[in-house]
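Down below is the structure, laid out as C-alpha cells.
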Amino acid sequence: MESKPPLESDSRWITTCELRDLPPSSMKRFDRKANRILLANIDNQIFAVDDTCTHEDASLSTGFLKGDLVKCPLHGSRFCVRDGRALEEPAETSLNCYPTRVQNGNVEVYI
Ligand code: FES
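Everything in the sequence shown is counted per our numbering, starting at 0 for the first residue and increasing by one.
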C-alpha cells in the first residue's frame, strides 16, 4: 500500500530546533518520547533519520558526518542520511527516514 504524503496542517509535524542551530555540514539529535531522531543539514537540505544505529545501541549524533554520510562512533558503519541506507557492515539494516520542512525558521520533522 502506498503511503500518503503528510498534510501541511498535520499535527505530526514536530518542531525540533531553529534552522540557525543546524548550519550546513552539521547534525544534531532530537528526542521526543520514544523517538530519537538525527537531523543533518547537507548543503542547506535538512534530512532526518533514526539516531540509533541499527547494529547496536549507539547514538549516530555522536559519530562523524562527512558529506551525506554519517559514521557510527562504535563500530564504524556508515549510513546515508538522504535515504537511510546502511553502506558498511556490521550494520545491515537501513535507518528509518522522516520528512522534514522549514517553517518560520524552524526545522520540523514529520514523526
Ligand atoms: S553500533 Fe553502530 S556499527 Fe556497531
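For glycine and all other residues, C-beta sits at the position ideal for the given N, C-alpha and C. All figures in this text were calculated on a predicted structure; none of them were measured in a lab.
8 Å contact criterion, which residue i and residue j should meet: CB distance rounded
| i | j | result |
| --- | --- | --- |
| ALA57 | LEU73 | 4 Å |
| VAL106 | ILE36 | Between ILE36 and VAL106 the Cβ distance is about 10 Å, and since that is not below 8 Å, they are no contact. |
| LEU64 | ALA39 | 6 Å |
Per-residue burial, residue i [other beta carbons within 10 Å of its own, 16 or more giving buried]
| i | result |
| --- | --- |
| THR14 | exposed |
| ASN95 | exposed |
| GLY62 | buried |
| ASN103 | exposed |
| ASN43 | exposed |
| SER60 | buried |
| ASP50 | buried |
Three-state class that DSSP yields for residue i in the structure shown
| i | result |
| --- | --- |
| LEU94 | coil |
| SER139 | Residue 139 lies beyond the stretch modelled for the chain, which goes from 0 to 110, so this question has no answer here. |
| THR15 | strand |
| THR99 | strand |
| LEU59 | helix |
| ASP42 | coil |
| ASP9 | coil |
| ASP82 | coil |
| ASP30 | strand |
| ASP49 | strand |
Contact with chain B by residue i, beta-carbon distance below 8 Å
| i | result |
| --- | --- |
| ASN34 | This model lacks chain B altogether; it includes just one protein chain. |
Nonlocal neighbours in the same chain, by C-beta distance under 8 Å from residue i, ignoring five residues either side
| i | result |
| --- | --- |
| LEU86 | LEU68, SER76, ARG77, PHE78, CYS79 |
| TYR97 | ILE36, ALA47, VAL48, VAL108, TYR109, ILE110 |
| ASP82 | SER93, CYS96 |
Proximal residues to residue i (C-beta, below 7 Å), its chain only, five neighbours per side dropped
| i | result |
| --- | --- |
| ARG11 | PRO5, TYR109, ILE110 |
| GLU91 | ALA85 |
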